[in-house]
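Numbering of the sequence shown is given in our numbering, commencing with residue 8 and proceeding in unit increments. We treat Cβ as the ideally placed atom computed from N, Cα and C, and that holds for glycine. Contents: one structure, followed by commentary.
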Amino acid sequence: MGEDTTDRTITNYLVDILVVDSTETSYKVRWTYRDMKVHFEDVDSLYSGLVNKLMSLSGGTVVEIQTDELGTFKEVSNWEEIRDYYLVAKDSMKVFFGNIPQVNDVVDGMFNTYTTKSAIESASIKDIHQFLNFHGAELKIGDPVYSTMKFPDGTGTALMDALVTIELTGIYPEDDDYSVYSIVEINPDQLKILAKKNVRIILPNAEEAEIEEAFEQIGELWSVIENYAVIHHWGWPRYTKEVRTSGSDKKSKVEIRIMEIV
Numbered sequence: 008m009g010e011d012t013t014d015r016t017i018t019n020y021l022v023d024i025l026v027v028d029s030t031e032t033s034y035k036v037r038w039t040y041r042d043m044k045v046h047f048e049d050v051d052s053l054y055s056g057l058v059n060k061l062m063s064l065s066g067g068t069v070v071e072i073q074t075d076e077l078g079t080f081k082e083v084s085n086w087e088e089i090r091d092y093y094l095v096a097k098d099s100m101k102v103f104f105g106n107i108p109q110v111n112d113v114v115d116g117m118f119n120t121y122t123t124k125s126a127i128e129s130a131s132i133k134d135i136h137q138f139l140n141f142h143g144a145e146l147k148i149g150d151p152v153y154s155t156m157k158f159p160d161g162t163g164t165a166l167m168d169a170l171v172t173i174e175l176t177g178i179y180p181e182d183d184d185y186s187v188y189s190i191v192e193i194n195p196d197q198l199k200i201l202a203k204k205n206v207r208i209i210l211p212n213a214e215e216a217e218i219e220e221a222f223e224q225i226g227e228l229w230s231v232i233e234n235y236a237v238i239h240h241w242g243w244p245r246y247t248k249e250v251r252t253s254g255s256d257k258k259s260k261v262e263i264r265i266m267e268i269v
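Following this line, the structure appears as structure tokens:
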């Protein structure tokens, strides 16, 4: 960990993936999460205690999704159950911090973004989107595909323009698999507009001048998502690594997720 790293958290967990049902045009798939472990570096006991408390809550371990016949994500079927888990987590957080009104406002702002189907589908299942990232694409080796797309923000309430590059980087007949790479670059101007909107939701009592001044100090915002996968001929990735880098001129956040079939 470099000297400029302020904090680091490592989370490990297992997922059982089961195809529950299928038709000519769709699949119903269940993801069951288990054996979650969180390792903290250089964080205070208050933060680690809060995370451990949230992890002890029942629920939130099963996600049921539907895809089309090519495996492209369509929707979360049991989003109401996931929403209810977040509502319980919200109340638990308020109790943990002593039900202080000002803190409750912040907690409400944080969790209110997870009360709709679209928000849960865009922000709460990043690993599922990563696993299915390349399903439905038709690619030729050495021939990158460039495109633009509408990318959902973290609340699932708005779409941002993004530049997308996808490339088939290798075919390995001896292993019956192939490798694919993609990069998504979010429009920075739209990102800043939506960031301000989300700050207003989380901090409803903040003065508009305070928000504008804070964003002037932050400077330009940016967000990039890179995804690399080695995919078996039957369509599911043996290995996939996603790197989400976001931040500003002052501070950046790097989220790395590695998934392997075991």
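- When the five nearest sequence neighbours on each side are left out, the beta carbons in the same chain lying within less than 6 Å of the beta carbon of THR176 are those of SER186, TYR188, in order along the chain.
- In its chain, beyond the 5 residues on either side, GLU233, ILE263 have a beta carbon closer than 6 Å to the beta carbon of VAL250.
- The beta carbon of VAL261 is closer than 6 Å to those of THR252 in its chain, skipping five residues each way along the sequence.
- In this structure, the beta-carbon distance from PRO159 to SER129 falls below 8 Å.
- The alpha helix (DSSP H) runs of length 4 or more contained entirely in the stretch 200 to 252 are, from start to end of the chain, 215 to 225.
- Boundaries of the beta strand (DSSP E) around GLY177: 166 to 179.
- Ranked by Cα distance from ARG15, the first of ASP182, GLU48, TYR40 is GLU48.
- By the CB criterion at 8 Å, ILE72 and ILE135 fall inside the cutoff.
- Taking the CA atoms as reference points, PRO195 sits about 26 Å from LYS124.
- In this structure, the alpha-carbon of ASN85 lies about 13 Å from that of TYR93.
- Note: LEU198 is not bridge-paired with any residue in the DSSP secondary-structure output.
- The Cβ neighbour count for ASN140, taken over all protein chains shown within 10 Å, is at least 16; the residue is labelled buried.
- The shortest CA-to-CA distance from TRP38 to any of ILE89, VAL45, ILE17 is the one to ILE89.
- About 34 Å separates the beta carbon of HIS240 from that of ASP168, a gap too long to meet the 8 Å contact definition.
- By the 16-neighbour rule on beta-carbons within 10 angstroms, ALA216 is exposed.
- Remark: C-beta atoms of VAL231 and VAL191 approach each other more closely than 8 Å.
- Leaving aside the five residues that flank GLU82 on each side, the residues in its chain whose CB is nearer than 6 Å to its CB run, in chain order, GLN73.
- Judged by DSSP in its simplified three-state form, GLU31 adopts coil rather than helix or strand.
- Counting only runs of 3 or more residues that sit fully inside the stretch 79 to 132, the beta strand (DSSP E) segments are 80 to 83, in chain order.
- A straight-line Cα-Cα distance of about 17 Å links VAL113 and ALA221.
- With respect to the 8 Å criterion, GLU227 and ASP256 are classified as neighbours on the basis of their beta carbons.
- A straight line joining the alpha-carbon of PHE104 with that of ASN111 spans about 8 Å.
- Rounded to the nearest whole angstrom, the C-alpha separation of ASN19 and LYS44 is 5 Å.
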